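Asks:
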Amino acid sequence: MTTLADAPSSLLDPYGTLQPFGRYRGAIADTGTGTWDRPSFGARRRLQRKSWIYAGVFHPDFMLGWAIADVGYLGTAFLYVYDRARRVMAEEKVELPFGFEQHFVPSLHAHWSLGIGRRRWIAAPDGDGLRLAAEGERVSCELAFPSLAGGMSALAPSRHRPFNYTYKRLCAEVKVRARLDDRTFEHTLPAGGAIDFTLGYPPRNTRWNWACLQGTTEDGTAFGINLVAHFNDQLENVMWIGDEMVPLGSSEFTFEPPAEARPWRVRVPGDGVDLAFTPEGARRDRKNFGVLAHDFVQPFGRFEGTVTHRGRALRVEGFGVVEDHVSRW
1348 MTTLADAPSS LLDPYGTLQP FGRYRGAIAD TGTGTWDRPS FGARRRLQRK SWIYAGVFHP
1408 DFMLGWAIAD VGYLGTAFLY VYDRARRVMA EEKVELPFGF EQHFVPSLHA HWSLGIGRRR
1468 WIAAPDGDGL RLAAEGERVS CELAFPSLAG GMSALAPSRH RPFNYTYKRL CAEVKVRARL
1528 DDRTFEHTLP AGGAIDFTLG YPPRNTRWNW ACLQGTTEDG TAFGINLVAH FNDQLENVMW
1588 IGDEMVPLGS SEFTFEPPAE ARPWRVRVPG DGVDLAFTPE GARRDRKNFG VLAHDFVQPF
1648 GRFEGTVTHR GRALRVEGFG VVEDHVSRW
């Protein structure tokens, strides 16, 4: 396994400059961005800084995607639940201009809240973990992650802007209670949850393909993989096998539109990862306001394939999401 340095305590080093770009074991605790926001009198905070928390729960009976985001001029959140047996999906979402205050400091330790009427999203720290909730008419959920430890940080350059930071943790223990219409899913999953915290200043024109997949190896060991292309210099590419976390090289995504209806192939050629993903459904969001535009599709479904670990080719299978994302923001 490639050795990773422990994550620094702050984005800034003792001399007040940004930490070196690269990959780190664990999360960076202090993600305050005042150093970069203040010189622009807040304009950079509203026009360039983006942050979000995404959580996924991937189970043979259901799938769940939860997110809350501060994209500067807009606060947005969504929750979808897919019932695999009935092949039914429902989604709730909310969008509020300037939904987060000017001085909001995004982190995994911050209190996030966004909503209108009965629709409400909350993320709150809970000891070493995190509690997430969302409430809507057809769907709702409560998620409890006892610990967020065991993940990888990536600090990446961002094309003439300060940086982009992300912390990824897959195969995390999660306690979930989710409702879709009149059906409730309630489980404690030892390795069934995924967390993505991202904060930074992405390029005005941003594109990425992303995969977040969890399941097991052929011998039943917990397996998870996070892969990205066209973004973050692919520094966030990482695989979990049991208690091991293995950084990976450059990934390749192959698919034909419509992305939600046709198989994907996801590979890391230099590290022996070759996965086939079959969509079962998708969440899509598309907007075009001229100076601002967004085209996002997140298929969810099944995957299977092979990965190489310690010189051995292992069969893996499970569930997860892939994503095709283009934004002018």
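Using the working numbering, you'd call the opening residue of the sequence shown number 1348 and step up by one each time. Note that the Cβ used here is the ideal one computed from N, Cα and C, for glycine as well. Keep in mind the model is a prediction, meaning the values are calculated, not measured.
1. In whole angstroms, give me the CA-to-CA distance for PRO1550 and ASP1529.
2. Looking only at its own chain, which residues have a Cβ that is under 6 Å from the Cβ of PHE1570, when we skip the five neighbours before and after it?
3. Mapping the DSSP letters down to three states, classify TRP1383 as helix, strand or coil.
4. So, at 7 Å on beta carbons, what are the nonlocal neighbours of PRO1367 in its own chain, with the 5 sequence-adjacent residues on each side left out?
5. In whole angstroms, what separates the C-alpha of ALA1374 from that of GLU1627?
6. Output the boundary residues of the beta strand (DSSP E) element that contains LEU1517.
7. Can you list, in chain order, the residues of its chain whose CB lies under 6 Å from that of LEU1546, leaving out five sequence neighbours each side?
8. Between which two residues does the beta strand (DSSP E) holding ARG1723 run?
9. For ARG1675 and SER1494, what's the separation of their Cα atoms in angstroms?
10. If we ignore side chains and look at the alpha-carbon of each, how far apart do GLY1389 and THR1380 end up?
11. Which residue comes first and which comes last in the alpha helix (DSSP H) that contains ALA1390?
12. Just verifying my parser: in three-state terms, what is the DSSP assignment at ASN1584?
13. Going by other Cβ atoms of all chains shown within 10 Å of its Cβ, with 16 needed for buried, is ARG1396 buried or exposed?
14. According to DSSP, simplified to helix, strand and coil, what is PRO1594?
15. Does the pairing of the stretch 1403 to 1413 with the stretch 1478 to 1492 give three or more beta-carbon distances under 8 Å?
16. Please identify the residue among ARG1631, GLY1665, GLN1645 and TYR1362 whose C-alpha is closest to the C-alpha of GLY1567.
17. Between the stretch 1464 to 1475 and the stretch 1443 to 1451, are three or more C-beta pairs nearer than 8 Å?
18. How about PHE1624 and PRO1610: are their beta carbons less than 8 Å apart?
19. Let me check understanding here. Comparing Cα to Cα, which of LEU1455, PHE1643, ARG1630 and ALA1481 lies closest to VAL1435?
20. How many angstroms separate the CA atom of ALA1437 from the CA atom of GLY1412?
21. Please report how far the alpha carbon of GLY1363 lies from the alpha carbon of ASP1430, in whole angstroms.
22. Determine the direct distance from the alpha carbon of ALA1501 to that of TRP1383, and round the result to whole angstroms.
23. Give the C-beta separation of GLU1484 and ARG1506 to the nearest angstrom, bearing in mind that I take them to be a contact with Cβ-Cβ under 8 Å.
24. Distance, Cα to Cα, MET1348 vs HIS1656?
25. Would you mind working out which of MET1586, THR1350, ARG1554 and PRO1537 sits nearest HIS1641, comparing C-alpha positions?
26. Can you give me the Cβ contacts of TYR1514 inside the same chain, cut-off strictly under 6 Å, excluding the 5 residues immediately before and after it?
Replies: Reading from the atomic positions:
1. On the sequence shown, position 203 is the one that residue 1550 refers to. On the sequence shown, position 182 is the one that residue 1529 refers to. Near 42 Å, if we compare the C-alpha coordinates of ASP1529 and PRO1550.
2. By one-based count along the sequence shown, residue 1570 stands at place 223. Around PHE1570, the same chain offers GLY1562, THR1563, THR1564, ILE1588 and VAL1663 as residues with beta carbons nearer than 6 Å, after the five sequence neighbours per side are excluded.
3. Numbered from 1 along the sequence shown, position 36 holds the residue referred to as residue 1383. In this structure, TRP1383 counts as helix in the three-state DSSP scheme.
4. Locating residue 1367 in the sequence shown gives position 20, counting from the first residue. Excluding sequence neighbours, PRO1367 sits near nothing in its chain.
5. Within the sequence shown, numbered from 1, the residue matching residue 1374 stands at position 27. Within the sequence shown, numbered from 1, the residue matching residue 1627 stands at position 280. Cα-Cα distance, rounded: 32 Å.
6. Numbered from 1 along the sequence shown, position 170 holds the residue referred to as residue 1517. Counting along the chain, the beta strand (DSSP E) containing LEU1517 begins and ends at 1511 to 1527.
7. Locating residue 1546 in the sequence shown gives position 199, counting from the first residue. THR1378, SER1398, PRO1453 and TYR1512.
8. Residue 1723 is absent from the structure shown; the chain starts at 1348 and stops at 1676.
9. Indexing the sequence shown from 1 puts residue 1675 at position 328. Indexing the sequence shown from 1 puts residue 1494 at position 147. Approximately 35 Å between the Cα atoms of the pair.
10. Taking the sequence shown and counting its residues from 1, one reaches residue 1389 at position 42. Taking the sequence shown and counting its residues from 1, one reaches residue 1380 at position 33. Rounded to whole angstroms, the gap between the alpha carbons of GLY1389 and THR1380 is 11 Å.
11. Residue mapping note: residue 1390 aligns to position 43 of the sequence shown, counting from 1. Its alpha helix (DSSP H) spans residues 1390 to 1394.
12. Along the sequence shown, one-based indexing puts residue 1584 at 237. Coil, per DSSP.
13. For the purposes of this step, residue 1396 is taken as residue 49 along the sequence shown, with counting starting at 1. Buried, by the Cβ-count rule.
14. Translated into positions along the sequence shown, residue 1594 becomes position 247. It is a strand residue.
15. With a cut-off of 8 Å, the stretch 1478 to 1492 and the stretch 1403 to 1413 count as touching, because enough Cβ pairs lie within range.
16. Position 220 of the sequence shown, counted from the start, is the residue given in the question as residue 1567. Minimum Cα-Cα distance from GLY1567 among the listed residues ARG1631, GLY1665, GLN1645 and TYR1362 corresponds to GLY1665.
17. Short answer: they don't touch.
18. Position 277 of the sequence shown holds residue 1624. Position 263 of the sequence shown holds residue 1610. Pairing PHE1624 with PRO1610 gives a Cβ-Cβ distance under 8 Å.
19. On the sequence shown, residue 1435 is found 88 positions in, with the first residue counted as 1. Nearest in C-alpha terms to VAL1435, of all of LEU1455, PHE1643, ARG1630 and ALA1481, is ARG1630.
20. As a working note, residue 1437 is residue 90 in the sequence shown. As a working note, residue 1412 is residue 65 in the sequence shown. Looking at the backbone, the Cα of ALA1437 and that of GLY1412 are separated by about 11 Å.
21. In the sequence shown, the residue the question calls residue 1363 occupies position 16. In the sequence shown, the residue the question calls residue 1430 occupies position 83. Spanning the two alpha carbons is a distance of roughly 49 Å.
22. Here residue 1383 is taken as the residue at index 36 of the sequence shown, counted from 1. Here residue 1501 is taken as the residue at index 154 of the sequence shown, counted from 1. So the two alpha carbons sit approximately 19 Å from each other.
23. In the sequence shown, residue 1484 corresponds to position 137, counting from 1. In the sequence shown, residue 1506 corresponds to position 159, counting from 1. At roughly 41 Å, the Cβ-Cβ gap does not stay under 8 Å, so GLU1484 and ARG1506 are not in contact.
24. Looking up residue 1348 in the sequence shown gives position 1. Looking up residue 1656 in the sequence shown gives position 309. Bear in mind that the predicted position of MET1348 carries a pLDDT of just 45, short of 50, making it too unreliable to give a figure here.
25. Sequence index remark: in the sequence shown, residue 1641 carries index 294 (1-based). It is ARG1554 whose Cα lies nearest to the Cα of HIS1641.
26. Against the sequence shown, residue 1514 aligns to sequence position 167. Cβ within range, chain order: ALA1374, GLY1498, SER1500 and PHE1544.
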